[in-house]
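Asker:
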Amino acid sequence: MALSALLFDLDGTLIDTDELHLNAYNQLLARWDRSTDIEYYKAHVMGFPDDMIFGGLFPDIPASQYAGLAAEKETMFRAQLGETIPVAGVLR
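My numbering puts the first residue of the sequence shown at 372, with every later residue one more than the last.
1) Report yes or no: do the stretch 433-440 and the stretch 405-416 share at least 3 C-beta pairs separated by less than 8 Å?
2) Our contact map puts N397 next to S406 with C-beta atoms below 8 Å; I'd like the distance itself, whole angstroms only.
3) If contacts are defined as beta-carbon pairs under 8 Å, then D387 and V458 qualify, I think. What distance do you get, rounded to the angstrom?
4) Thinking C-beta only, is L391 closer than 7 Å to D461?
5) Based on the DSSP output, what are the partners of P457 in its beta bridges?
6) Does the separation of the CB atoms of L400 and K444 fall below 7 Å?
7) Here's the rule I'm using: 16 or more other beta-carbon atoms within 10 Å means buried, otherwise exposed. How should L464 be labelled?
8) Which full runs of the beta strand (DSSP E) of 3+ residues lie inside the stretch 409-458, going along the chain?
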């Protein structure tokens, strides 16, 4: 069977997931009675690798724990995916 189309989705292209990621980070941060906002997210989280993100959000936690925190955050993010709305123009 020949391919007639190939769809490549960079996170946020078809569904705006920024709010979902921000919510997931805030769920995680709530354990430390902390939170972040969209401005910090855009400047220090969006597009950055996990070690830089978690180093900024949790400077007092050893880097060896970042992978576990990232996995928890990803689980929280994925739990929200049923609430997504496609970006305008995606559904035609």
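We treat Cβ as the ideally placed atom computed from N, Cα and C, and that holds for glycine.
Answerer: The structure says:
1) Three or more beta-carbon pairs separated by less than 8 Å are not found between the stretch 433-440 and the stretch 405-416, which leaves the two stretches without contact.
2) Counted from its first residue, the sequence shown places residue 397 at position 26. Counted from its first residue, the sequence shown places residue 406 at position 35. Indeed, because the Cβ distance is near 5 Å, the residues count as touching under 8 Å.
3) For the purposes of this step, residue 387 is taken as residue 16 along the sequence shown, with counting starting at 1. For the purposes of this step, residue 458 is taken as residue 87 along the sequence shown, with counting starting at 1. The Cβ separation is near 6 Å, so the contact holds.
4) Taking the sequence shown and counting its residues from 1, one reaches residue 461 at position 90. Taking the sequence shown and counting its residues from 1, one reaches residue 391 at position 20. Going by the sequence as given, residue 461 is Val instead of Asp. Not closer than 7 Å, so no.
5) What you label residue 457 is simply residue 86 of the sequence shown in a count that begins at 1. Its beta-bridge partners are I386.
6) By 1-based counting over the sequence shown, the position of residue 400 is 29. By 1-based counting over the sequence shown, the position of residue 444 is 73. By the CB criterion at 7 Å, L400 and K444 fall outside the cutoff.
7) The requested residue 464 does not occur in the structure, where the chain is confined to residues 372 to 463.
8) List check, beta strand (DSSP E) in window: nothing returned.
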